[in-house]
Amino acid sequence: VGVQEYLQSHYLNAIKQVALRVKDMPHVMGYDTLNEPSSGWIGVTDLHQPTGLFQQGLAPSPWQAMQAAAGLPTEVPVMELSFQGLKVLGHEVMNPEGVRLWREGYAGVWQENGVWQLGANDEPELLRPRHFSEIHGREIDFNRDYMRPFIERFAREIRAIHPQAILFAEGTLEKGLPYLPDLPQTVNASHWYDAAVLFQRQFRANFALNAQKMRPVLGRQNVQTSFNSQLAHIKQEGKERVGGPTLLGEFGIAYDLNDKIGFTAGDFSPHIGALDRSLKALEANLLSGTLWNYTADNDNEHGDQWNGEDLSIFSRDQFLPAPLHDPHDLDEGGRATAAFVRPYPTHTAGEPLALSFDPHTRRFEFRFRHDPSLPLGEVATEIFVPDYHYSVGLAVELSDGECQYDQENQCLRYYHTAEQETHTIRFQRQRGPAEVLTGEITVGEERYPLEHHFVRTNGVTLHTVAAGPADGELVVLLHGFPEFWYGWREQIPFLVQQGYRVIAPDQRGYNLSDKPKDTAAYHLDKLAADVVGLLDAHGRERAYLVGHDWGAMVAWWAAAKYPSRFAKVAVLNVPHPYTFIKTLTNNPGQVAKSWYAGLFQLPAVPESLLSAQDYDGLAKMVTDYVGEHDTFTAEDIAQYKKAWSRPNALSGMINWYRAFVRETPRLTDPQVRVPLLLIWGARDVALSREMAGASVADYCEHGRVVFIEEATHWVQHDEPERVNALLARFFTAD
């Protein structure tokens, strides 16, 4: 029996054994012919020349590989994939120890077959450079002579057992699928990957490779266009060569990207960017695909436990640290979840025409042509609307017809009209009215009104909003710039429903609280003392403390200075003050991000600029510079403008910045010894995320960092459900 027959018959018999066992299972559609076949050297016309698309590192030609296998030290080029494409870095001797691949007494298969010989002075000579490109004087075509007969044989033998089986056919990367015009029930199952990400383990938003041509692609939009084109080519090949649809058999990304930054720093933003541009290419071509992969025992050290690969969308090593881990949260352990959890049509009442989704803006659009044979008003187009992106609410725009949003089942059902041939469904995230503006919070049969109090403490009068049971454990919420108590609109009802007594003050300088004119009145020492004064005024020895932005800076300070007064502290999107000061002295990038703090040192100028045209400048700073289009509603901005316009409020708010610069704050002991949780919206454009890890590592005895990749600086507004869940788990953990 020849080697080819031996290998193919054993392979097919193994697949047939599987088919015998699964053929009657209703969810088994068919079988893949062969995973990522390779032509090897078949068809190579000159063995002197390097072959294959992916030549990185040692890149021997077939002739050089034969010599090295025979135990001959051989000098070969060392290749690198760069922005200019493939280039030779230098040369290196392969197999310098002269180890033979073949058993003793056997010259080797290629030498035995007369491809080469040892000539005079035992120098190797290549005798048949076209050995793999012709047979019996006929030019070899790998697809025609080898791949097609194999696939046809596979189909015959499998369908003898499972007649209705779909054939998922794969060709080689270099040559694609063979022509299979007479093979029905065949799907193009070609694989495709973002080559630079997969092989270089690096993500660059403005760089990629055209895997079909091995050419570099520069520029973010050019990269996306190239990916769209590559998948369009694969889709067209399926139509032309097998006459059937295309299911991308594999695509995905490596997760050990950029020196494993996701594992070492918790930064999965490169992974989201990498996976999203691949998924965008599928959507642009209306392609279905199989995302490789899910590995239940994946870990950061060994990846998928095979061949050094790490492509799993899940890993237990990405669970939140105890005690924040929730075994019932299906999103925990996900990697680049914001990219692969996305809306898509699950049922279409007609023919899809266009599909797009942006995970950053959360804007979705789907266009289709309806099937006139379907009964009008009875058959819906159904779209999966994941809570992961749309839990706070949905704003839908329809070209015609009507829709029903079933949030419990994460489904939008759309019923088209007959008036138009094509139909468009668009939606994006949108919040409903703030619950805190209704005036009371309902918990079961209990109703807790929002209580507005004025508390005299530490030389100032502070306006506070309180809610919840009087005997509940106390949570103090400290807002930042340029908000006021209302900045916790999503957290106050939630915490009250958990049984806490909640106090959210307007900090000094803001809204209805006192606004001292002296800049020194806004030193961190005084601001932290205000918090302690609130606890004293309410007769509480200890509280849970939560702060965001400048409120987080105060929370850090209060936790370090008054550790006995706080059971636990949660800070949102602000580093430890000492980390921030240190970063400003040695990180020009952070200095540039903090440009506005320099502007705020000027007298009167920032007040004039930010209050112009009904505070539109400040509103734009909040929404356009730091936030996203859906971070704040028009109702939110109206509430903020009302607070900003109170007498002396703008100066009071800006004086926080002035005080911090004019008198650098100092602590006797900057260490935070109470349990601390730092929640960080990773898309913060004003504060570098590197400061998060440094804050906890350098200044916390019991600190943890959790990054929320989809969130901006306004993390509690962007992802309220996740922030609320983290706070609840943190407060209740032992």
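For what it's worth, this note's numbering labels the leading residue of the sequence shown as -13, then goes sequentially. Every residue gets a Cβ at the ideal spot worked out from N, C-alpha and C, and that includes glycine. These numbers come from a predicted model, not from an experiment.
Environment of residue i [buried if 16+ CB atoms lie within 10 Å]
{"i": "phenylalanine 140", "result": "buried"}
{"i": "leucine 99", "result": "The identity of residue 99 in the sequence shown is asparagine, whereas the question assumes leucine. Result: exposed."}
{"i": "alanine 204", "result": "Inspection of the sequence shows that residue 204 is occupied by leucine rather than by alanine. With fewer than 16 Cβ atoms within 10 Å of its Cβ, leucine 204 is classed as exposed."}
{"i": "leucine 724", "result": "The structure shown does not extend to residue 724, since the chain spans only -13 to 720, so no value can be given for it."}
{"i": "glutamine 702", "result": "buried"}
{"i": "leucine 510", "result": "buried"}
{"i": "threonine 172", "result": "buried"}
{"i": "valine 85", "result": "exposed"}
{"i": "valine 183", "result": "buried"}
{"i": "glutamine 625", "result": "buried"}
{"i": "asparagine 81", "result": "buried"}
{"i": "glutamate 160", "result": "exposed"}
{"i": "asparagine 293", "result": "exposed"}
Whole-Å CB distance - residue i paired with residue j, under 8 Å assumed
{"i": "tryptophan 471", "j": "aspartate 492", "result": "5 Å"}
{"i": "proline 468", "j": "methionine 639", "result": "6 Å"}
{"i": "serine 301", "j": "asparagine 284", "result": "4 Å"}
{"i": "leucine 664", "j": "alanine 678", "result": "6 Å"}
{"i": "glutamine 42", "j": "glutamate 22", "result": "Actually they are not in contact, since the Cβ atoms of glutamine 42 and glutamate 22 sit about 18 Å apart, beyond 8 Å."}
{"i": "leucine 273", "j": "lysine 221", "result": "6 Å"}
{"i": "arginine 494", "j": "valine 446", "result": "5 Å"}
{"i": "glycine 235", "j": "histidine 288", "result": "The pair is not a contact, with the Cβ atoms about 25 Å apart (cut-off 8 Å)."}
{"i": "alanine 453", "j": "isoleucine 427", "result": "6 Å"}
{"i": "threonine 698", "j": "glutamate 621", "result": "At roughly 19 Å, the Cβ-Cβ gap does not stay under 8 Å, so threonine 698 and glutamate 621 are not in contact."}
{"i": "aspartate 312", "j": "tyrosine 374", "result": "At roughly 15 Å, the Cβ-Cβ gap does not stay under 8 Å, so aspartate 312 and tyrosine 374 are not in contact."}
{"i": "glutamate 705", "j": "isoleucine 694", "result": "5 Å"}
{"i": "isoleucine 137", "j": "leucine 166", "result": "6 Å"}
Alpha helix (DSSP H) segment containing residue i, residue limits
{"i": "methionine 52", "result": "48 to 55"}
{"i": "valine 378", "result": "It is not in any alpha helix (DSSP H) - valine 378 carries neither H nor E in the DSSP assignment."}
{"i": "isoleucine 640", "result": "635 to 648"}
{"i": "glutamate 143", "result": "134 to 145"}
{"i": "aspartate 602", "result": "591 to 606"}
{"i": "glycine 679", "result": "676 to 685"}
{"i": "threonine 571", "result": "563 to 572"}
Nearest-angstrom Cα separation, counted from residue j out to residue i
{"i": "arginine 528", "j": "leucine 673", "result": "30 Å"}
{"i": "methionine 15", "j": "aspartate 168", "result": "20 Å"}
{"i": "leucine 297", "j": "valine 74", "result": "29 Å"}
{"i": "aspartate 315", "j": "arginine 690", "result": "19 Å"}
{"i": "glycine -12", "j": "glutamine -6", "result": "10 Å"}
{"i": "glycine 425", "j": "lysine 266", "result": "44 Å"}
{"i": "glycine 38", "j": "glycine 252", "result": "36 Å"}
{"i": "leucine 72", "j": "glutamine 186", "result": "13 Å"}
{"i": "asparagine 279", "j": "leucine 341", "result": "23 Å"}
{"i": "threonine 744", "j": "histidine 534", "result": "Nothing can be reported for residue 744, as the shown portion of the chain is limited to -13 through 720."}
{"i": "glutamate 687", "j": "tyrosine 179", "result": "43 Å"}
{"i": "glycine 320", "j": "proline 307", "result": "14 Å"}
{"i": "alanine 175", "j": "tyrosine 17", "result": "10 Å"}
{"i": "arginine 487", "j": "leucine 481", "result": "8 Å"}
{"i": "threonine 323", "j": "phenylalanine 213", "result": "21 Å"}
{"i": "proline 549", "j": "glycine 238", "result": "47 Å"}
{"i": "glutamate 383", "j": "phenylalanine 193", "result": "35 Å"}
{"i": "threonine 443", "j": "valine 378", "result": "37 Å"}
{"i": "glutamine 390", "j": "leucine 423", "result": "27 Å"}
{"i": "leucine 310", "j": "glutamine 576", "result": "30 Å"}
{"i": "tryptophan 642", "j": "histidine 356", "result": "59 Å"}
{"i": "alanine 553", "j": "arginine 206", "result": "47 Å"}
{"i": "glutamine 3", "j": "alanine 155", "result": "19 Å"}
{"i": "serine 681", "j": "lysine 246", "result": "21 Å"}
{"i": "proline 598", "j": "serine 580", "result": "Note on identity: in this sequence residue 598 is alanine, with proline being the wrong assignment. Looking at the two C-alpha atoms, the distance is approximately 22 Å."}
Limits of the unbroken beta strand (DSSP E) element including residue i
{"i": "threonine 443", "result": "437 to 443"}
{"i": "leucine 104", "result": "102 to 104"}
{"i": "threonine 37", "result": "From DSSP, threonine 37 is part of no beta strand (DSSP E); its letter is neither H nor E."}
Interface flag, residue i vs chain C, CB-CB below 9 Å
{"i": "tryptophan 536", "result": "You won't find chain C in this structure, because it holds only one protein chain."}
Hey, is the segment 325 to 342 in contact with the segment 361 to 368, meaning 3+ C-beta pairs nearer than 8 Å? They touch, by the three-pair rule.
Do the segment 142 to 152 and the segment 126 to 133 touch if we need at least three Cβ pairs shorter than 8 Å? No: the two stretches stay apart, fewer than three of their Cβ pairs being nearer than 8 Å.
For the segment 398 to 414 against the segment 459 to 466, do three or more pairs of beta-carbon atoms, one drawn from each stretch, fall closer than 8 Å, so that the two count as touching? Contact fails: fewer than three Cβ-Cβ distances are below 8 Å.
Under 8 Å: do the segment 554 to 569 and the segment 588 to 597 share three or more Cβ pairs, one atom per stretch? Under the Cβ criterion (8 Å, minimum of three pairs), the segment 554 to 569 does not count as touching the segment 588 to 597.
Three or more beta-carbon pairs under 8 Å between the segment 600 to 609 and the segment 395 to 404, yes or no? The answer is no - the segment 395 to 404 does not touch the segment 600 to 609, with fewer than three Cβ pairs under 8 Å.
Closer than 8 Å is the cut-off here; do at least three beta carbon pairs connect the segment 567 to 575 with the segment 534 to 547? By the Cβ test, the segment 567 to 575 is not in contact with the segment 534 to 547, since fewer than three Cβ pairs between them sit closer than 8 Å.
The segment 84 to 104 in contact with the segment 210 to 229 per 3-pair CB rule at 8 Å: The segment 84 to 104, when compared against the segment 210 to 229, does not touch it at the 8 Å Cβ threshold.
Does the segment 413 to 432 come into contact with the segment 343 to 363, if we say contact requires no fewer than three beta-carbon pairs (one atom in each stretch) closer than 8 Å? Using a Cβ-Cβ distance cut-off of 8 Å, the segment 413 to 432 and the segment 343 to 363 are in contact, since at least three pairs of beta carbons, one from each stretch, lie closer than that value.
With three or more beta-carbon pairs closer than 8 Å as the criterion, would you say the segment 516 to 527 touches the segment 631 to 648? Short answer: they don't touch.
Check whether the segment 574 to 592 touches the segment 640 to 653, taking contact to mean three or more Cβ pairs, one atom from each stretch, closer than 8 Å. Contact between the segment 574 to 592 and the segment 640 to 653 is present, because at least three Cβ pairs lie under 8 Å.
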